[in-house]
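Asker: Just so you know, the protein sequences line up as chains B and R, in that order.
Under the numbering used here, read the first sequence as residues 830 to 1048, first letter to last.
Under the numbering used here, read the second sequence as residues 830 to 1048, first letter to last.
The beta-carbon is built from N, C-alpha and C at its ideal position, and this holds for glycine as well.
Protein chains: 2
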Amino acid sequence: MSPRQPDPHVRLQLVEAAARLLAEQGIGGVTARRLAAAIGASTQAVYTHFERMDDVIVEVWREGFRRFGGALDEPAVTADPVADFAAQGWSYRRFALTNPHLYRVMFGDGLLAFRAGRHEQDESADTFLSLLVRIERCRDSGRWHVDDLHTAGEVVWSTVHGHTSIELAGFFASQGRDPERSYAECLRATARGFGDDPALVDDSLRSAWRAEQMAASQN
Amino acid sequence: MSPRQPDPHVRLQLVEAAARLLAEQGIGGVTARRLAAAIGASTQAVYTHFERMDDVIVEVWREGFRRFGGALDEPAVTADPVADFAAQGWSYRRFALTNPHLYRVMFGDGLLAFRAGRHEQDESADTFLSLLVRIERCRDSGRWHVDDLHTAGEVVWSTVHGHTSIELAGFFASQGRDPERSYAECLRATARGFGDDPALVDDSLRSAWRAEQMAASQN
DNA sequence: TGGGTTAGATAACAGTGTCATGTATAACGC
DNA sequence: GCGTTATACATGACACTGTTATCTAACCCA
């Protein structure tokens, strides 16, 4: 009765290697053997620390949501709640474009949305709250008329996720279209859709666009 | 100098088998050996008719877009262009829910959006025109103010695709949310986003919902 | 310091896409 | 109709995948 403990350093290394492989080669590049080789171990090490190969990806997925939540809260909160909403929208897009493979794992149809257990889905739902906070401020300022906050969040998420995944799939590029223009239009239409004043919306969008330019240029 | 011709019937059978396997077991169920077994041939038959395994899926993808285009044009054109727009939106969603695996292949990140050549992407862009036609009618009726038709189409597509793919991923179900409510809200926000009159929008949405109920019950 | 448990290595199995080889068949010139 | 010949398709292999049975060596605790 004296068990040998699994080395948490090994587990950490595996997850880090998986994240790196994912970012560099996409989901197809993350294999058990490559993972093991990356940390100088055998494939069995993977199965000591994880039940299935997918569970390694789930761990990367978790870390992705942590970073994603940070990105969504990064844009400063100002006196213009609609500008803050739009700035968050741009931040959403920038995260996805900077981490395309990670975004696909997080929101794509690969495997996780299904295979991830309820626990993981609840974690991802937390990120959703970041959206709700900024929508709530738009409502409370009187500029937006929002019946149900949660439903409004689903509308916003649908739009930004839809445009983002279409852009990641390369459709806009292949058709010679300008994704920044249509994304701005998505944000504009959403704000107007919630009853905002068109002129005010345009002002807010301009502020948000300036903020995004600043943030994006910060390397 | 007397070549033996490949049997077009074999090719057709392969594509049909791939479509069936896809619908029944998802993309993972479509393997070369299963495909060959389904038509009583060897895996080499696949490589006689297609360069790569993926090209079989591309063929299913093509047929999917043909059917999808039909589904988008199915809702009747009436005197209310916004109701017609919304009815098309519901038809979009119904197609995806009825053919989930096919929809994922068509619009998902699996492989095709990237691997499919320019020719295939142009074909999918044709389907996009179905959306533009109905948006154009909303604009011409004076109810919508649309700067650029193509950009407006991208906004609409982003929203409906975003909500649809989130629903297919099972997020709404796992959170106990009502996807029909938020989808209706997506359509409403979109119409209002283009400057439509809120009261008129509500009327049009009701009409479209009735039409959808009819169409859906036609099994 | 010993005893017991388990981390991790090695090697295998079943599955995948793909291809080299061989054969039989279909299309042409006569 | 009959050879001739290019090729459709079958057979079997190769490299890869995730996963697991087996073994050894290292660790933890008494």
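How many angstroms separate the CA atom of Trp925 of chain R from the CA atom of Asp1031 of chain R?
Answerer: In the second sequence, residue 925 of chain R corresponds to position 96, counting from 1. In the second sequence, residue 1031 of chain R corresponds to position 202, counting from 1. Going by the sequence as given, residue 925 of chain R is Ala instead of Trp. Between the alpha carbons of Ala925 of chain R and Asp1031 of chain R lies a distance of about 25 Å.
Asker: Identify whether Ala866 of chain R lies in helix, strand or coil by the three-state DSSP scheme.
Answerer: Counting from 1 along the second sequence, the entry for residue 866 of chain R is found at position 37. The answer is helix: DSSP assigns Ala866 of chain R an H, G or I state.
Asker: Would the beta-carbon of Ala1037 of chain B fall within 7 Å of that of Ala912 of chain B?
Answerer: As a first step, residue 1037 of chain B must be located in the first sequence, where it is residue number 208. As a first step, residue 912 of chain B must be located in the first sequence, where it is residue number 83. Yes, Cβ-Cβ distance for Ala1037 of chain B and Ala912 of chain B is below 7 Å.
Asker: State the DSSP-derived secondary structure class of Leu940 of chain R, mapped to helix, strand or coil.
Answerer: Against the second sequence, residue 940 of chain R aligns to sequence position 111. In this predicted model, Leu940 of chain R has a pLDDT of only 46, less than 50, meaning its place in the structure is not dependable; the value taken from the coordinates is given anyway. In this structure, Leu940 of chain R counts as coil in the three-state DSSP scheme.
Asker: Is the beta carbon of Leu1034 of chain R sitting closer than 7 Å to the one on Ala915 of chain R?
Answerer: Mapped onto the second sequence, residue 1034 of chain R falls at position 205. Mapped onto the second sequence, residue 915 of chain R falls at position 86. Yes. Within cutoff.
Asker: Quick check on Thr872 of chain B: does DSSP put it in helix, strand or coil?
Answerer: The residue labelled residue 872 of chain B in the question sits at position 43 within the first sequence. Here Thr872 of chain B sits in helix by DSSP.
Asker: Note down the Cα distance separating Asp1025 of chain R from His974 of chain R, rounded to an integer number of angstroms.
Answerer: The residue labelled residue 1025 of chain R in the question sits at position 196 within the second sequence. The residue labelled residue 974 of chain R in the question sits at position 145 within the second sequence. The alpha-carbon atoms of Asp1025 of chain R and His974 of chain R are separated by roughly 8 Å.
Asker: So what does DSSP say about Phe914 of chain R, is it helix, strand or coil?
Answerer: Mapped onto the second sequence, residue 914 of chain R falls at position 85. Correct three-state label for Phe914 of chain R: helix.
Asker: By how many angstroms is the C-alpha of Glu903 of chain B removed from the C-alpha of Leu940 of chain B?
Answerer: Taking the first sequence and counting its residues from 1, the one referred to as residue 940 of chain B is at position 111. Taking the first sequence and counting its residues from 1, the one referred to as residue 903 of chain B is at position 74. Annotation note: pLDDT 46 at Leu940 of chain B (below 50); position unreliable, coordinate value reported separately. Approximately 29 Å, taken between the alpha carbons.
Asker: Looking only at its chain, what residues have a beta carbon closer than 6 Å to the beta carbon of Pro1008 of chain R, apart from the 5 residues adjacent to it on each side?
Answerer: Here residue 1008 of chain R corresponds to residue number 179 of the second sequence, with the count starting at 1. Contacts found: Glu996, Phe1001.
Asker: Which chain R residues sit within Cβ distance under 7 Å of Val984 of chain B?
Answerer: Numbered from 1 along the first sequence, position 155 holds the residue referred to as residue 984 of chain B. Ordered by position in chain R, the residues that pass the 7 Å Cβ test against Val984 of chain B are Ser1011, Glu1014, Cys1015, Ala1018.
Asker: Comparing C-alpha positions only, which one of R:Ala905, R:Arg963, R:Arg1006 sits nearest to Arg972 of chain R?
Answerer: Walking along the second sequence from the start, residue 972 of chain R turns up at place 143. Out of R:Ala905, R:Arg963, R:Arg1006, R:Arg963 has the C-alpha closest to the C-alpha of Arg972 of chain R.
Asker: Is there a C-beta anywhere in chain R that falls below 7 Å from the one on Arg972 of chain B?
Answerer: As a position in the first sequence, residue 972 of chain B is number 143, starting the count at 1. Arg972 of chain B does not count as touching chain R.
Asker: I'd like the list of long-range same chain contacts for Leu931 of chain R, defined as Cβ closer than 6 Å, with 5 residues on each side in sequence excluded.
Answerer: Within the second sequence, residue 931 of chain R is the residue found at index 102, counting from 1. Taken in chain order, the residues that qualify are Gly893.
Asker: Within 7 Å of any Cβ in chain B, is that where the Cβ of Asp938 of chain R sits?
Answerer: As a position in the second sequence, residue 938 of chain R is number 109, starting the count at 1. Yes - at least one Cβ of chain B is within 7 Å of the one on Asp938 of chain R.
Asker: Below 8 Å CB to CB, which residues in the same chain sit around Arg780 of chain B once its five sequence neighbours on both sides are set aside?
Answerer: An answer regarding residue 780 of chain B cannot be provided, because it is not within the stretch 830 to 1048 covered by chain B.
Asker: Taking CB distances under 7 Å as the criterion, tell me whether Ala954 of chain B reaches chain R.
Answerer: Stepping through the first sequence from its first residue, residue 954 of chain B is reached at position 125. Yes, Ala954 of chain B counts as interfacial toward chain R.
Asker: Could you tell me which chain B residues have their CB closer than 7 Å to the CB of Thr980 of chain R, listed as they occur along the chain?
Answerer: By 1-based counting over the second sequence, the position of residue 980 of chain R is 151. By Cβ distance, chain B contributes Arg1010, Ser1011, Glu1014.
Asker: Could you list which residues in chain B have their beta carbon closer than 9 Å to that of Arg1035 of chain R, in chain order?
Answerer: As a first step, residue 1035 of chain R is located in the second sequence; it is residue number 206 there, counting from the start. Ordered by position in chain B, no residue passes the 9 Å Cβ test against Arg1035 of chain R, which lies about 16 Å from the chain.
Asker: In the DSSP assignment, find the alpha helix (DSSP H) that holds Gly1024 of chain B and state where it starts and stops.
Answerer: Here residue 1024 of chain B refers to the residue found at position 195 of the first sequence. Careful: Gly1024 of chain B lies outside any alpha helix (DSSP H) and carries neither H nor E.
Asker: With 7 Å as the threshold, decide whether the Cβ of Thr988 of chain B is near any Cβ in chain R.
Answerer: By one-based count along the first sequence, residue 988 of chain B stands at place 159. Output row for Thr988 of chain B: interface = yes.
Asker: Can you find a CB in chain R that lies within less than 7 Å of the CB of His930 of chain B?
Answerer: Here residue 930 of chain B refers to the residue found at position 101 of the first sequence. Closer than 7 Å: no.
Asker: Please go through the same chain and pick out, in chain order, the residues whose beta-carbon is closer than 8 Å to the beta-carbon of Glu949 of chain B, but skip the five residues on each side of it.
Answerer: Position 120 of the first sequence holds residue 949 of chain B. Setting aside the 5 residues that flank it on each side, Glu949 of chain B is surrounded in the same chain by Val887, Trp890, Arg891, Leu941, each with a C-beta closer than 8 Å to its C-beta; the list follows chain order.
Asker: Assign Ser970 of chain B to one of three DSSP states: helix, strand, or coil.
Answerer: Counting from 1 along the first sequence, the entry for residue 970 of chain B is found at position 141. In the structure shown, Ser970 of chain B sits in coil (DSSP, three-state: anything other than H, G, I, E or B).
Asker: Helix, strand or coil for Thr877 of chain B per DSSP?
Answerer: The residue given as residue 877 of chain B occupies position 48 in the first sequence. Of the three classes helix, strand and coil, the one that applies to Thr877 of chain B here is helix, per DSSP.
Asker: Residues of chain R with a CB under 9 Å from the CB of Ser1006 of chain B: which are they?
Answerer: One-based indexing of the first sequence puts residue 1006 of chain B at position 177. The sequence given here has Arg at residue 1006 of chain B, not Ser. In chain order: His979, Thr980, Glu983.
Asker: Under 9 Å between beta-carbons, which chain R residues line up against Gly858 of chain B? List them in chain order, please.
Answerer: Here residue 858 of chain B refers to the residue found at position 29 when the first sequence is read from its first residue. Identification of chain R residues near Gly858 of chain B by a Cβ-Cβ cut-off of 9 Å yields none; the smallest Cβ-Cβ distance measures about 14 Å.
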